[in-house]
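Student: Got a structure for you, written out below as structure tokens; questions coming shortly.
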Amino acid sequence: MRDYVLRRIAVLPPTLFFASLLVFFSIRLIPGDVIDLMLAQNDVASSADRESLRAALGLDRPIWEQYFVWAGKALTGDLGSSLWQNAPVSSLLLQRLPVTLELGFLALVVSVTVGIAIGVFSAVRQDTAADYVLRSFSLLMLSIPGFWLGTLVMVFPSVWWRWSPELEFSPFFADPLGNLGHILPPAILLGLALSAVTMRMTRTMMLEVMRQDYIRTARAKGLKEGAVIFGHALRNSLIPVVTVIGLQAPLMFGGAVILEQIFALPGMGSLLLEAVFQRDYPIVSGVFLVVGLSVLVINLIVDLAYGYLDPRVRRS
1 MRDYVLRRIA VLPPTLFFAS LLVFFSIRLI PGDVIDLMLA QNDVASSADR ESLRAALGLD
61 RPIWEQYFVW AGKALTGDLG SSLWQNAPVS SLLLQRLPVT LELGFLALVV SVTVGIAIGV
121 FSAVRQDTAA DYVLRSFSLL MLSIPGFWLG TLVMVFPSVW WRWSPELEFS PFFADPLGNL
181 GHILPPAILL GLALSAVTMR MTRTMMLEVM RQDYIRTARA KGLKEGAVIF GHALRNSLIP
241 VVTVIGLQAP LMFGGAVILE QIFALPGMGS LLLEAVFQRD YPIVSGVFLV VGLSVLVINL
301 IVDLAYGYLD PRVRRS
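Sequence positions in the sequence shown follow my numbering and run 1 to 316.
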């Protein structure tokens with residue numbers, strides 16, 4: 001098991017390196033120049049003013065040199081400073097990261113709980129009315145965009161019942177109930193959208209496993225149906241499901257960007273959108289670096305879960 005874990009950890013640094021290259025250079029391909037935005041209100045700015053500002057921000061150096069300076073500082077935890085706010089990017093991320101992590105964690109809990117529970121139930125009740133209803137629900141969640149549902153939740157309850165989700169965010173430890181009242185609606189919407197794929201994969205794998213000979217043998221030995229389903233069938237169905245959950249990590253962060261805007265959550269998603277509009281390169285690079293590292297850690301946990309669920313994986 002130790003060698004298996006070390007092999008998975010050894011993959012992280014080169015993956016993160018190539019991800020940082022992609023993010024650092026791609027953000028600079030977006031049309032528009034941060035210098036033009038900063039001097040947009042100054043009609044008398046000369047070319048000398050532009051070059052002076054560019055040099056002050058460190059943007060006059062070759063792009064490859066900018067990358068190595070940024071990467072070298074990033075290895076020490078210094079992600080640079082915002083071009084607009086003149087504040088350390090790391091401190092801005094630390095302010096916003098807990099919100100996004102809380103939203104992502106709650107969405108993941110909803111996704112896994114709802115997806116696996118409905119998938120198992122739908123497989124056990126195959127081709128019944130409940131199965132058709134639940135499969136239709138999963139298709140509905142796959143088809144409806146999260147931002148559209150979020151907009152409906154914000155608009156229609158306020159029109160019909162004079163109620164709308166909280167718009168003033170409170171940290172969890174300062175006001176737990178107020179925090180959950182604000183963050184649960186977007187977390188449930190994001191979790192339900194992600195649960196559709198989990199549900200369909202769980203159902204498919206459960207149906208395949210329940211047709212195996214060892215399941216019939218377990219039933220023939222007199223085991224209770226609950227022990228057969230949860231003790232034998234479910235565990236052997238979970239490896240592809242865990243794979244799907246790991247692949248949903250980027251979708252979870254991507255969905256958080258939109259829902260944070262709709263529900264006025266001060267997370268990394270809203271920070272990223274502001275930075276993209278302002279061409280604030282250090283913030284964009286820092287956000288993507290943290291998100292990329294989070295996705296890699298989640299996938300590492302998924303790989304370790306493989307080893308726990310199937311001993312053949314960790315011995316390969």
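For glycine and all other residues, C-beta sits at the position ideal for the given N, C-alpha and C.
1) State the Cα-Cα distance for the pair VAL28 and LEU75, rounded to the nearest angstrom.
2) The alpha helix (DSSP H) spanning HIS182 covers which residue range?
3) Look at the alpha carbon of ASP175 and the alpha carbon of LEU184, and state the distance between them as a whole number of angstroms.
4) Among the candidates GLN278, ILE301, LEU300 and VAL155, whose CA atom is the shortest distance from the CA of SER82?
5) LEU300 to LEU152, Cα distance in whole Å?
6) Are the beta-carbon atoms belonging to MET206 and ALA233 less than 8 Å from one another?
7) Is the stretch 62 to 74 touching the stretch 18 to 36, taking contact as three or more C-beta pairs under 8 Å?
8) Please say whether SER195 and MET141 have beta carbons closer to each other than 8 Å?
9) Please name the residue in PRO171, LEU106, GLN85 and THR204 whose C-alpha comes closest to that of GLN126.
10) Helix, strand or coil for SER82, going by three-state DSSP, please let me know.
11) Is DSSP giving PRO250 helix, strand or coil here?
12) Please give me, in chain order, every unbroken run of the alpha helix (DSSP H) with length at least 4 that falls completely inside the stretch 7 to 82.
13) Mapping the DSSP letters down to three states, classify PRO88 as helix, strand or coil.
14) If we ignore side chains and look at the alpha-carbon of each, how far apart do VAL209 and ARG216 end up?
15) Using DSSP with H/G/I as helix, E/B as strand and the rest coil, what is GLN95?
16) Going by other Cβ atoms of all chains shown within 10 Å of its Cβ, with 16 needed for buried, is VAL297 buried or exposed?
17) Between ALA249 and GLY269, how many whole angstroms is the CB-CB distance? I'm expecting something under 8 Å.
18) Quick one: using the 10 Å Cβ neighbour count with 16 as the cut-off for buried, is PHE18 buried or exposed?
19) Which word fits GLY115, buried or exposed, when buried means at least 16 other C-beta atoms lie within 10 angstroms of its C-beta?
Tutor: Taking the definition as stated:
1) Rather than Val, the amino acid found at residue 28 in this sequence is Arg. Those two C-alpha atoms are separated by around 21 Å.
2) 176 to 209
3) 14 Å
4) GLN278
5) 36 Å
6) yes
7) yes
8) yes
9) THR204
10) coil
11) helix
12) 12 to 27, 34 to 38, 47 to 56 and 63 to 75
13) strand
14) 10 Å
15) helix
16) exposed
17) The Cβ separation is near 14 Å, so there is no contact.
18) exposed
19) buried
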